[in-house]
Each structure stands twice: as structure tokens, then as C-alpha cells.
Amino acid sequence: MGRVFESIMPEHEAFMKGQPLFFVGTAAATGHVNLSPKGYDTFRILSPNKVAYLDLTGSGNETSAHLHENSRITFMFVSFGEKPLILRLYGNASVYLPGSAEWEEVAPLFDMLPGTRQIIVADLHSVKTSCGFSMPLLSYQGERDRLIQWAENKGSAGLETYWKEKNAVSMDGIATPLGKKMDAEEE
1 MGRVFESIMP EHEAFMKGQP LFFVGTAAAT GHVNLSPKGY DTFRILSPNK VAYLDLTGSG
61 NETSAHLHEN SRITFMFVSF GEKPLILRLY GNASVYLPGS AEWEEVAPLF DMLPGTRQII
121 VADLHSVKTS CGFSMPLLSY QGERDRLIQW AENKGSAGLE TYWKEKNAVS MDGIATPLGK
181 KMDAEEE
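Residues 1 to 187, numbered by UniProt numbering, are exactly what the sequence shown covers, in order.
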């Protein structure tokens, strides 16, 4: 059933590219565990042991806060189609903010979407597959466009205000790299 690998194998890469949805899990030393679903074409495999995703504006910024504190991350891809499979990637990640040298290096790999706030890059130490036999069969109907429309309607200034209000600190009071950057820019 389940197998552990040291890196992403070609069959894993093909599987991940076929999934319209993935999940990101993080946790600080204390407080809430966060599990975020991610959509759109935002995930990239940089090497067999390195991945990245384009992180869009959301109602919170827990992933970023947690990674700033301890860097642990888990990605999960699930097949809801005919061939069942669950694939998890385990590693340590960093937050790349616009304007940084790291951002400039990986940003060209993505089509920038309205509301982009950061890129999460993870070095992987383990890849694990499991059966997925209990996963329901679901059909993919397409992407929702509401987040993109919302970000376009907010505009750059509106997004910055939103980030200050909703994305600068986690629900457990941990400052995010984005929040720290905005604070430094105000000084």
C-alpha cells in the first residue's frame, strides 16, 4: 500500500501535475495546526527534492507565519479519479516575498495571478504514497474565478490594506514575513 521515497519520482510528478487541487499543512510550536487547500496552476516542481507554489491572498496567512517560526511543511495531493492515490511531500520551506533576490529567481516560473502575495519554496526530505482507497470519486468542473475577481477589484492599494489587516499576523499572534516587511516599510 504505502511507500516512502527520498525524492519525487517521475510517476509522482505526473500524478501531481494531473491534480487540480493540493493541500498544505503547517504548525507552529504551539497553537493551531493549519491545513490549506490550494487551486489554480500554482504548484511547480523545481527538482526531485524542491518544490514551490505561488501563494495567493487569503483570509489568513497561517502558512507563512508557521514557516517563519519553524519551517516544517507537508503537501498532500489526492486523486479523486478512477485510480486512487494519496501523495505527501515532507520538507522545510521558506517564504519568498516580492522584491527579494529569492523571489526574482523563482517568480519567472509562474504566471502571476492577481492577489499573489508570496511564493513558498520547500526543500523535501521525504515523499510518501498511500492507497487512497477510501477517497470518493469526484469530477472536476473547473476553477472558480471569485478569488481572482476579488483581487482585481481590490487593486494594489486595496490588497496592501487587506494584507495589513488580515495577513500580517496569524490567528495565534505570530507575525508573518509579509507583516514584518510592511512594518519595516512604514518605519
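Where a beta carbon is used, it is the ideal one built from N, C-alpha and C, also for glycine.
All figures in this text were calculated on a predicted structure; none of them were measured in a lab.
Cβ-Cβ distance between residue i and residue j below 8 Å
i	j	result
L89	V127	yes
V24	F75	yes
D123	N92	yes
D55	Q118	yes
I8	P48	yes
L178	A168	yes
G2	T129	yes
P114	A151	yes
L109	W103	no
V4	A52	no
Per-residue DSSP class, three states only, for residue i
i	result
D41	coil
K17	helix
D123	strand
L35	strand
A93	strand
R146	helix
M135	coil
K50	strand
S130	strand
T116	strand
Which listed residue (the options) has its alpha carbon closest to that of residue i
i	options	result
E171	A27, F80 and E6	The sequence shown places Met at residue 171, not Glu. Ranking the options by Cα distance to M171, first place goes to A27.
D145	F15, Y40 and T57	Y40
V106	P114, I73 and V95	V95
F15	F43, E6, G31 and T30	F43
G142	K181, P108, K164 and Q19	Q19
E6	K50, L35 and S71	K50
G99	E186, P10, E187 and K181	K181
G58	E165, E187, E185 and E186	E165
Beta-carbon contacts of residue i that lie in its chain and below 7 Å, excluding the five residues immediately before and after
i	result
G132	V78, S79, P84, L85 and I86
H12	L87 and V127
F22	K38, F43, F75, M76 and F77
L147	L56 and G115
E69	A28, A29 and I174
K154	Y162
Residues of its chain near residue i, where Cβ-Cβ distance is below 8 Å and the 5 sequence neighbours each way are ignored
i	result
T30	D172
L46	A52, V106, L109 and V121
S71	N92, A93 and S94
Neighbourhood of residue i by C-beta distance below 6 Å, restricted to the same chain and skipping five residues each side
i	result
Q149	none
If you pair each beta-carbon of the stretch 128–141 with each one of the stretch 53–65, do three or more pairs fall below 8 Å?
no
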